[in-house]
Amino acid sequence: MAHKEDELSHEPVFPLEIVHYIIKHLIQQHPDDFRPTLRSMALACRSYLPFCQELLFQEVEFGFYKLQKERNKRLLRTLKSDQHLSKYIKKLVCSIVTYDVYGCTPMYFASIFRSLHKHLFNVHHLDFRAGNWDADADEAPNGEASLLTDEFLNLFGGFEHITTLSFKGHIYISPAIITRFPNIHTLVIKDGSLDISNDASSTIPIEIEKWSQTLQHLKTRGTCHVPIWALTRLANLESIESEPSLYKYGPTFDNDDPELCDQRQRLRCVASFDRLERVHQLDLDLLLVMTLAAQRTRKSKGGGVSAFPALRTLHLTPNAYDLISDGLGQIFHYTPALEEISLDFNFANRVSRAKPNFATLFQCCNKALRSIKITAEFWVEWDTPAGEFEYNNDILRNLCDGLESVRGQNVIEELELVLHWKNADVLVAEGREEPFDDWARLDSVLMEDVEGDFPRLRRVNFSLRFLVFRDICDGHWFWGDFMKERLRRLCSTRKIRFRGVIHRSLPSPGINSVAIIGGETEEWY
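In this text, residue positions in the sequence shown follow the working numbering: the first is 263, and each later residue adds one.
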């Protein structure tokens, strides 16, 4: 036994730098189940122990529910017995479940947490996850969880080293509590609400004015309600990540709309967004309201008309009103440094069959723009009133129109198309030829007049995905070969890098089943 222990504790064969790299890669690929691997490595070689301890304790969880009671005590005992582990704790996850269901009072957890509090001196990230294990409970904001969150945050009041706050779950988030952390740079809200009244007056809570000067990154997910008039007062924002069409009190573009008039009246002393560099997955109408706010602020200060002078990356989800023809023209006018733009039409296509005007998009592009990514979804419906199959390809046709409108102009360097096809085999079974005509036109637009068409275009990324929900037929396999041959010919003709992906997904067995059980993927460069 002694010989075995000596054998397991010898120096590592590989340098520690390589081991660190492998472990970090493992964590990125499997973020939920890497802890058992780290424990095994720490037991296998003593040289790995410090690094494994650092990774194991960089994120700890404290639960406000009965099933977590023993884990809370065990965590406290571990930190007391080995106090140097406290310096590794960078993120504290607080799981909050409706406590009165299990008879656990807030006083009980507060007493344990006060003992744990002194070990959290190096925490930079607080992550609150509220939930309700009652299957019949609705998804309304939980008042009890919100109250417990406020009490918990009060214990951290004045911690200057905390820079990130995350909230997940249906709880109210009080700005008064957030202001107790003077150096918050990142705020993440998922399925929550900023508890800010949205009355008709333009009075702004003093809490908003305090933390709006330090907040740099705002991320929202799910049914998150953040009033737009509050969002436009974040003066030092550098990045915004959001989901489309989920903002409460969202504006429209009708000048006679009383809601929009109210929004305009309330945009006073707003942020100018001088430092905003990245916007990810934001609704177009919200971005235009922010543009209006920034423009008004700059004019009041005697500045220029550029609303977003530092914005370089923009990911938009056009809404159901098909405003891309007018809205994007305004955005390009106020974003002189924009380099990358990504348009996701999946949501808009499902809602309104959007027909974007890509000609306006390409013609309004700034000289700094390098990359355009377009994500679109095509499908075939067989539940139409006439009982016929309907094929929707408006986005692809308009894309060809837009490319033809800017022949010979220095527009972009990189074009990326991510296309998802659903029920493509229906068209093949019916003998429809529209898809072949559309792809042939796109092929000809990119191939004709090779030397002078798009002087800056150096790379095209193409991704094609087939989703088949009906009986398997040979046609959709032929489509993949057809597109692959066309793109290979285009790649050999022009000095353009191509990355092609064709994924053929197969349905699970059963007549009415639509579950995907696997598929085949081809890639080429």
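Cβ atoms here follow ideal geometry from the backbone N, Cα and C, with glycine treated the same way.
What you are looking at is a predicted structure, and each value in this text was computed from that prediction instead of being measured.
In the three-state DSSP reduction, F429 falls in the strand class (E or B). In the DSSP annotation of this structure, the continuous segment of the alpha helix (DSSP H) that includes F624 starts and ends at 620 to 625.
Taken in chain order, the complete beta strand (DSSP E) segments of 3 or more residues contained in the segment 294 to 355 are 321 to 326. Its chain contains H447, T448, E500, S501 as the residues whose beta carbon lies nearer than 7 Å to that of H479, once the 5 sequence neighbours on both sides are disregarded; these appear in chain order. Around the beta carbon of M303, 16 or more other beta carbons sit within 10 angstroms, so the residue counts as buried. Residue environment: Y283 is assigned as exposed (fewer than 16 neighbouring CB atoms within 10 Å of its CB, all protein chains considered). T476 and L576 have their C-alpha atoms roughly 22 Å apart.
Taken atom to atom, the span from the alpha-carbon of L382 to that of S348 is near 7 Å. When secondary structure is reduced to three states using DSSP, F383 falls in the coil class, being assigned neither helix nor strand. Membership of E279 in the alpha helix (DSSP H) is indicated by the continuous run 278 to 291. In the structure shown, R659 falls within a helical segment according to DSSP collapsed to helix, strand and coil.
For I451, the enclosing beta strand (DSSP E) starts and ends at 448 to 452. Spatial neighbours of Q315 in its own chain (CB-CB distance under 8 Å, excluding positions within 5 residues in sequence) are listed in chain order as A304, L347, Y350.
Per the C-alpha coordinates, the member of K352, E666, L605 positioned closest to N384 is K352.
Here S428 has D389, V450 as same chain residues with Cβ atoms under 6 Å from its own Cβ, once five neighbours each way along the sequence are excluded.
For E602, the uninterrupted beta strand (DSSP E) run begins and ends at 602 to 606, by DSSP.
Non-local C-beta neighbours of V355 in its own chain, meaning closer than 6 Å and more than five positions away in sequence, comprise E323, D389, ordered along the chain.
For the 9 Å CB-CB criterion, S667 and K635 do not form a contact. Here the alpha carbon of P277 sits roughly 33 Å from the alpha carbon of H423. Looking at A599, L658, R721, the one whose alpha-carbon comes closest to that of L704 is L658. In the DSSP secondary-structure assignment, A572 is not bridged to any residue. By the neighbour-count definition (other C-beta atoms within 10 Å, threshold 16), L661 is a buried residue.
CA-to-CA, the gap between L679 and H595 works out to about 25 Å. Under the three-state reduction of DSSP, H595 is assigned to helix. Non-local C-beta neighbours of V707 in its own chain, meaning closer than 7 Å and more than five positions away in sequence, comprise C662, L665, E666, ordered along the chain. Taking L311 as the centre and dropping the five residues before and after it, the same chain places the C-beta of A304 closer than 6 Å to its C-beta, in chain order. Shown here, V707 sits in a helix according to DSSP, grouped into three states.
Excluding residues up to 5 positions away in sequence, R297, L300 lie with their Cβ nearer than 7 Å to the Cβ of L318 in the same chain. Here the C-alpha atom of R669 lies approximately 13 Å from the C-alpha atom of F620.
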